[in-house]
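Before any comments, here is the structure.
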Amino acid sequence: MVNVAIIGVGTVGQSVAKILEDNKTLISARAGKEINVVKGAVRDLSKKRNTTIALTDNIDEVLSDDSIDIVVELMGGVDEPFKVVKKALTNGKAVVTANKALLAYHRYDLQEIAGALPIGYEASVAGGIPIINALKVGLSANQIMSIKGIMNGTCNYMLTKMSQEGVSFDAILKEAQELGYAEADPTFDIGGFDAAHKLLILASIAYGIDAKPEDILIEGIENINGHDIEFAKEFGYSIKLLAIAKKSGNNIELRVHPVLIKESQMIAKIDGVMNGVSVIGDFVGETLYYGAGAGGDATASAVVSDIVEIVRAGQSSPMLGFKKPHESQILKLISTDEIESEYYLRMRVQDKSGVLATIAQICADNEISLETILQKTTDDKNIAMLLCATHLCKEKQIKQAISEIEALEALEDKVSMIRIEE
3 MVNVAIIGVG TVGQSVAKIL EDNKTLISAR AGKEINVVKG AVRDLSKKRN
53 TTIALTDNID EVLSDDSIDI VVELMGGVDE PFKVVKKALT NGKAVVTANK
103 ALLAYHRYDL QEIAGALPIG YEASVAGGIP IINALKVGLS ANQIMSIKGI
153 MNGTCNYMLT KMSQEGVSFD AILKEAQELG YAEADPTFDI GGFDAAHKLL
203 ILASIAYGID AKPEDILIEG IENINGHDIE FAKEFGYSIK LLAIAKKSGN
253 NIELRVHPVL IKESQMIAKI DGVMNGVSVI GDFVGETLYY GAGAGGDATA
303 SAVVSDIVEI VRAGQSSPML GFKKPHESQI LKLISTDEIE SEYYLRMRVQ
353 DKSGVLATIA QICADNEISL ETILQKTTDD KNIAMLLCAT HLCKEKQIKQ
403 AISEIEALEA LEDKVSMIRI EE
């Protein structure tokens, strides 16, 4: 028999307990041993919960209990969960976590602390999609050339509604909050930080890269509006918030931001609150993983899969997928300024002679070639909307060009920029 304790018995924790109880016979057969949830730790014992497991508000009571074999951490946050997981491992307990923020900052620390003890974290990325196991095991024969993921259901839901129904950003954000897809403070989701944490976890498995959120390019969807949606449709694109990892030689680029992506690409067809991750391996080619990226049951399903694997295997494979560091190559995270992309620019300018030529010259001076330029009328006859698409250039070039364009007296607002992902 294997005893499990859950720290943080909220929506996901309650679902974990329910799955283990409702599917007990099936899960025991697959694991080879009976699995019991014997205790849960919560902050507030007075809060009603739909569970029959014994609860305590003393975490140390769980961590010091020698009868508990596996601790499931579902607290949320970074610093306190790190202390809890560290103590659980120090006390010889295996750990399962769904905490992407914890792993974004402390995954290598935890790998070192754990040693031979298993840490499962399938639920930390894309909910019920088994992308962690796919990278660690299923694609282990391949060099991973790229990862492109829609890994935040809130943003995907909002962008889908904006595209399909013409709803404004503010209106759809309010709706997403009312439906429970977005928090009262939605910054973590719509700002791209949630997806960035997940990308860093996948990049560690794919490339052995120890990067923190502060080291990579992160932008959200706050500036997307109807003009961008209209441009995308006119040229056969969808707008998605993508988490992107790419390998070129020994260089790795990691970034999270909205993109214009061709509607024909598989990842562009993932709509609503669903998640999807496209992985390209050097031998297998492209594989696509699709499913529910959040929600109590989907996330709990991934948590239970880790519990079963730990019970079945006894000792897990290396947490981040490598028994030893890369020796044949040294992979380096490139500076965000060196990232190359094509770009879409939107700007409101005074509708007068010479403005377009000046903007084109600024781009040329920064060695940026313009592929497409559209000029659209606005409600103000003295103001025009310029929509431009560039050929491939570096991030530092487009930043410099935007800085110079924004210094023009003829510009009415800040330049809005979206990268184009082919």
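To convert, take the position in the sequence shown, counting from 1, and add 2; that gives our numbering. All C-beta atoms, glycine included, are put in the ideal place defined by N, C-alpha and C.
G278: member of the beta strand (DSSP E) spanning M276 to G283, first to last residue.
For K235, the enclosing alpha helix (DSSP H) starts and ends at G228 to E236. DSSP, reduced to helix, strand and coil, places K401 within a helical segment of the structure shown. Judged by DSSP secondary structure, P260 falls within the beta strand (DSSP E) whose first and last residues are N253 to K264.
Listed in chain order, the beta strand (DSSP E) elements of length 3 or more contained wholly in the region 70-149 are 72-75 and 96-99. Take the alpha-carbon of V14 and the one of G295: they are about 13 Å apart. One alpha carbon belongs to E236, the other to S266, and they sit about 14 Å apart. Closest in alpha carbon position to C390, among H229, V74 and V86, is H229. Looking at the DSSP output, N154 bridges to nothing. Boundaries of the alpha helix (DSSP H) around Q16: T13 to D24. With a cut-off of 8 Å on Cβ pairs, the region 280-300 is in contact with the region 143-157, counting three or more such pairs. Within the region 287-354, the complete beta strand (DSSP E) segments at least 3 residues long are 287-294 and 342-352, listed from N- to C-terminus. In the DSSP assignment, Y209 falls within the alpha helix (DSSP H) that extends over F195 to Y209. Ranking I404, G193 and R421 by CA distance to the CA of D415 puts I404 first. One alpha carbon belongs to N60, the other to A43, and they sit about 6 Å apart.
C-alpha of D381 to C-alpha of A178: approximately 30 Å in a straight line. Boundaries for K35: no beta strand (DSSP E) harbours it, and the DSSP string shows neither H nor E there. Pairing G155 with V275 gives a Cβ-Cβ distance under 8 Å.
T379 sits exposed, since fewer than 16 C-beta atoms from the chains shown fall within 10 Å of its C-beta.
Between the region 185-199 and the region 156-171, the count of Cβ pairs shorter than 8 Å is three or higher; the stretches touch.
Taking all protein chains shown into account, R350 has 16 or more neighbouring C-beta atoms within 10 Å of its C-beta and is therefore buried.
The C-alpha of F171 lies about 21 Å from the C-alpha of Y345. Contact check for K271 against G238 fails: the beta carbons are separated by 8 Å or more. I152 is not a Cβ neighbour of M164, given a cutoff of 8 Å. DSSP, reduced to helix, strand and coil, places V6 within a strand of the structure shown.
Beta-bridge partners of R421 (DSSP): V261 and Y345.
Taking a contact as a CB-CB distance under 8 Å, the pair D212 and Y110 counts as one, their CB atoms being some 5 Å apart.
Under a 10 Å Cβ-count criterion, G222 is classified as buried, with 16 or more other Cβ atoms of the shown protein chains found around its own Cβ. Between D299 and S30 a beta carbon distance of about 20 Å is seen, past the 8 Å cut, so the two are scored as non-contacting. Taken in chain order, the whole beta strand (DSSP E) runs of length 3 or more contained in the region 362-396 are 372-379 and 385-392. Straight through space, the alpha carbons of M387 and L413 are spaced by roughly 10 Å.
Spanning the alpha carbons of G194 and V127 requires a straight line of approximately 14 Å. Counting of Cβ neighbours within 10 angstroms places N101 among the buried residues, the total reaching 16 or more. Per DSSP, reduced to three states, the secondary structure at I218 is coil, with no helix or strand assignment.
The closest CA to that of I21, considering only G12, K200, V305 and G210, is found on V305.
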